[in-house]
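Those protein sequences? They're chains F and G, same order as listed. By our numbering, the letter at position 59 of the first sequence is numbered 188, and the numbering carries on one by one without gaps. By our numbering, the letter at position 348 of the second sequence is numbered 943, and the numbering carries on one by one without gaps. Glycine included, C-beta positions come from ideal geometry on N, C-alpha and C. This structure is a prediction, so every number in the text was calculated from the model and none was measured. One structure is given below, encoded as structure tokens.
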Amino acid sequence: MPVEDLYQAIILDHSRRPRNFGPLADADHEASGRNPLCGDEVTLRIRMEGDTIADVRFEGSGCAISKASASVMTAAVKGHTGEEALVLFERFHHLLTNHAAPAPEPADTPLPSSLAAFAGVARFPMRVKCASLAWHALRSALQPPNATAEAPPPNR
Amino acid sequence: MHRSDFPLLARSPGLHYLDSAATTQKPAMVLDAIRDFYETDNANPHRGAYALSARATDRYHAARERVARFFGAADPDQVIFTRGTTEALNLVAQAWCRRELEPRDEIVVTAMDHHANFVPWQQVALTLGARLRICELTPDGRLDLDQLRELVNSRTRVVAFPHVSNALGTVNPVREIAAIARPTGALIVCDGAQAAPHMKVDFDSLDVDIYAFSGHKMCGPMGIGGLVGRREILDSMPPWQMGGDMIDVVQDEFSTWNVVPHKLEAGTPNVAGAVGLAAALDYLEGIGMDRVLEHEQQLLALATQRLSTMDGITIYGPPVAERSGVLSFTFSDIHPHDLATILDEEGVCIRAGHHCAQPLMRRLGVPATARASFYIYNDEKDVDALVRALERAAALFATAVTSED
């Protein structure tokens, strides 16, 4: 499994030049996540307008996968509703874990190519937590009241 | 050197195992000894009135004697078996401190200690109202002994420190540290997990009170390790875990304790593990600890020299001559976790992360480092593979293509 499939150009680019990176002054939702095994940290801040994610930014430090995933995520969910974002997470998580079960709906709408680029993670199971950390933080941030996202429970 | 003695490595020629600081591979001799015990001498020691149990008892006793000899301890009962270094340090932190520590007493640990020699003392200090003091490091990754001299005082009851740092490889001057601690009357506790596998350790000449070690880091099986302690300290300690073997008389309202070492070894022991450990010590001393150290130093020097020529490599810790076979480094802006994944593809196993030394990592100002560690079954080909894999990582991360958002 060539490691180039994991570290695609788009992932390297997003990790080197993360989009939506930095503080968000007028945030009304916030959540943090940490991956204790490798030290990835992310803090997510969101400003909602109604139920739409009007603005979202992140801060933190970590591996290329976690940073790129956070960057790609913020770009993908901006302008969507919280519910749409969570559906996107379900589909993204399915991609990461390569379940034999069929993909969650809507199966006929392809994932944005920036998210699809993470398909390689499925063949590196130890990196799934890195790729999903920011999304877990997003889910926490969208839940009332805000809570700190714990790292996803250990697999197996 | 010796790679063919190790079945796992023999059957995986493309594997370059550079994580012996985490755990070591096992020679066939150790695996055979464990299997042989279960096939010929397995019974619960100390309790049975039949010959098989007597044999199991003898095997356990012989293993204890073997460990004592390895560490230069005159009395085998100075050796207490535990699951490993972590359990040994917890044993001392809890059992000794419970009786001895009072509020406002002080415990000194170091900024380079592994969590196993940091957290137990931190917690026992919190519980008993004692004060945790931390000996800091010099810029090149050594203990600041001038600061240690300032730190210890008449309230110091414990001084705990590593013989060798698992994250930096620093070899600490044990006798010098013990000499600073002795005048206070403090208990001197040395974490030998990363030292005992790599160099000759003579307990008496180190002048510490407790020396902890792990079998699995020195070609022994997992689940066995222990400590070597001064007899009077061990005699004075209350028991830690209670149950079978460590008691003398059990009445309804009270119990009395067995003598050392049994007092500190409750329950059925890991005899097979002890037997495996004894075989591992035979294996290591068959090579000679001087030769073990020399081999590692050579590889460490080679790896350090080759990595130093690569752009963007930062190596942490003191110069090679003062280090054990651990090489902790970062590589430009490539996160160690990403490095480890790319190296894994090339069959190179390194460790990435905080190495159970978060206080140290914070002081280094890095979230994580990559760590390569060398042992007797490594050779120059492993160093070649490491360098090649790092070059591949550099090439991969050099491609930073601008893309549409």
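At least 8 Å separates the CB of F601/G from every CB of chain F. Between the alpha carbons of F926/G and V132/F lies a gap of roughly 18 Å.
By a beta-carbon distance limit of 8 Å, L801/G contacts R770/G. Their separation comes to about 6 Å. Interface annotation for the stretch 231 to 265 of chain F against chain G: S243, F253, M255, R256, C259, criterion Cβ-Cβ distance under 9 Å.
Using a CB distance cut-off of 8 Å, G960/G does not count as an interface residue toward chain F. Looking from the CA of I783/G, the closest CA among G810/G, T722/G, V754/G belongs to V754/G. Among the CB atoms of chain F, one or more fall inside 8 Å of the CB of E940/G. Chain-ordered listing is empty here: chain G has no CB closer than 8 Å to the CB of A214/F, the nearest sitting near 17 Å.
Rounded to whole angstroms, the separation of the alpha carbons of S607/G and F992/G is 28 Å.
By the neighbour-count definition (other C-beta atoms within 10 Å, threshold 16), R661/G is a buried residue. Interface with chain F (8 Å Cβ-Cβ cutoff): T936/G is included.
Inter-residue distance for R268/F and M177/F is about 14 Å (C-alpha atoms, whole angstroms). V978/G and L894/G have their C-alpha atoms spaced approximately 7 Å apart. Restricting attention to M624/G, T909/G, P768/G, the CA atom closest to the CA of H597/G is found in M624/G.
For A688/G, the uninterrupted alpha helix (DSSP H) run begins and ends at 680 to 695, by DSSP.
For G189/F, the closest alpha carbon among the candidates S242/F, N149/F, L224/F is that of N149/F. Here D840/G is not near H611/G, since their CB atoms are 8 Å or more apart. Rounded to the nearest whole angstrom, the CA to CA distance from N164/F to H710/G is 18 Å.
Think of a sphere of 7 Å around the beta carbon of G168/F: the chain G residues whose beta carbon falls inside it are G948, H949, P962, A963, in chain order. Per the DSSP secondary-structure output, W852/G pairs in a beta bridge with I842/G. Using a CB distance cut-off of 8 Å, E133/F counts as an interface residue toward chain G.
When only Cα atoms are considered, Y655/G and D830/G end up about 21 Å apart. In its chain, beyond the 5 residues on either side, V870, G871, A873, A874 have a beta carbon closer than 8 Å to the beta carbon of A628/G. Ranking I971/G, R694/G, R728/G by CA distance to the CA of D885/G puts I971/G first. According to the DSSP assignment, T635/G belongs to the alpha helix (DSSP H) that extends over 623 to 635.
For F808/G, the enclosing beta strand (DSSP E) covers residues 805 to 809. Straight-line spacing of the CA atoms in L959/G and G764/G works out to 14 Å. Scanning its chain for C-beta atoms nearer than 6 Å, with the 5 sequence neighbours on each side dropped, one finds around P954/G the residues A706, in chain order. For D933/G, the neighbours in chain F by C-beta distance under 8 Å run, in chain order, Y136, C192, A193, I194.
Y911/G: member of the beta strand (DSSP E) spanning 908 to 911, first to last residue. Between the beta-carbon of V823/G and that of Q789/G there is about 16 Å, and that puts the pair past the 8 Å contact cut. Within chain F, the residues whose beta carbon sits less than 7 Å from that of H930/G are G191, C192, A193, listed in sequence order. The beta carbons of F601/G and Q620/G sit closer together than 8 Å.
The DSSP-derived three-state label of V185/F is strand.
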